[in-house]
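Enquirer: What follows is a single structure, and I will ask about it in a moment.
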Amino acid sequence: MILALDTAAPEGGVALLHDSKIVSADLGPLGKHAELVVTRVEELLQQMNSQPKDVSSVVVNVGPGSFTGIRIGIAAALGFAESLEVPAGGLGGLSIQAWAWMLAHPESLPN
1 MILALDTAAP
11 EGGVALLHDS
21 KIVSADLGPL
31 GKHAELVVTR
41 VEELLQQMNS
51 QPKDVSSVVV
61 NVGPGSFTGI
71 RIGIAAALGF
81 AESLEVPAGG
91 LGGLSIQAWA
101 WMLAHPESLP
111 N
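Mapping of the sequence shown onto the UniProt record's numbering: position 29 corresponds to residue 29, and the numbering continues sequentially without gaps.
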């Protein structure tokens, strides 16, 4: 199960991906990201009937975006990864958008 965090964007969010099933939740406006990130992850784990130990890796949006938001996301990702003893990594927001587009339009990819 992959835990994804985005606190860099004005409307941040968190998501869990497991066996091609995705659940996600918004973090609300920029000033609420730090306050809500852990609560939202707990809610998503409950939706997936999963435990924190089921998370196998953590990924975080590293920008572009709000400087404070990026720091919140990286700190949260490292905290989750360290406590769960799983790897963490960062992706730029533009790379995330490109991957999302490719997944939504597989027919447009070269063979």
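Quick reminder that beta carbons are idealized off the backbone N, C-alpha and C, glycines included.
1) Considering only C-alpha positions, which residue in the set 68, 28, 32, 55 is nearest to residue 4?
2) Tell me, to the nearest whole angstrom, how far the beta carbon of residue 48 is from that of residue 16; I am working on the premise that it is less than 8 Å.
3) Taking the straight line between their C-alpha atoms, what separation do you get for residue 68 and residue 89?
4) For a test of the three-state rule: what should DSSP assign to residue 89, helix, strand or coil?
5) In three-state DSSP terms, what is residue 28?
Expert: In brief:
1) 55
2) 6 Å
3) 18 Å
4) strand
5) strand
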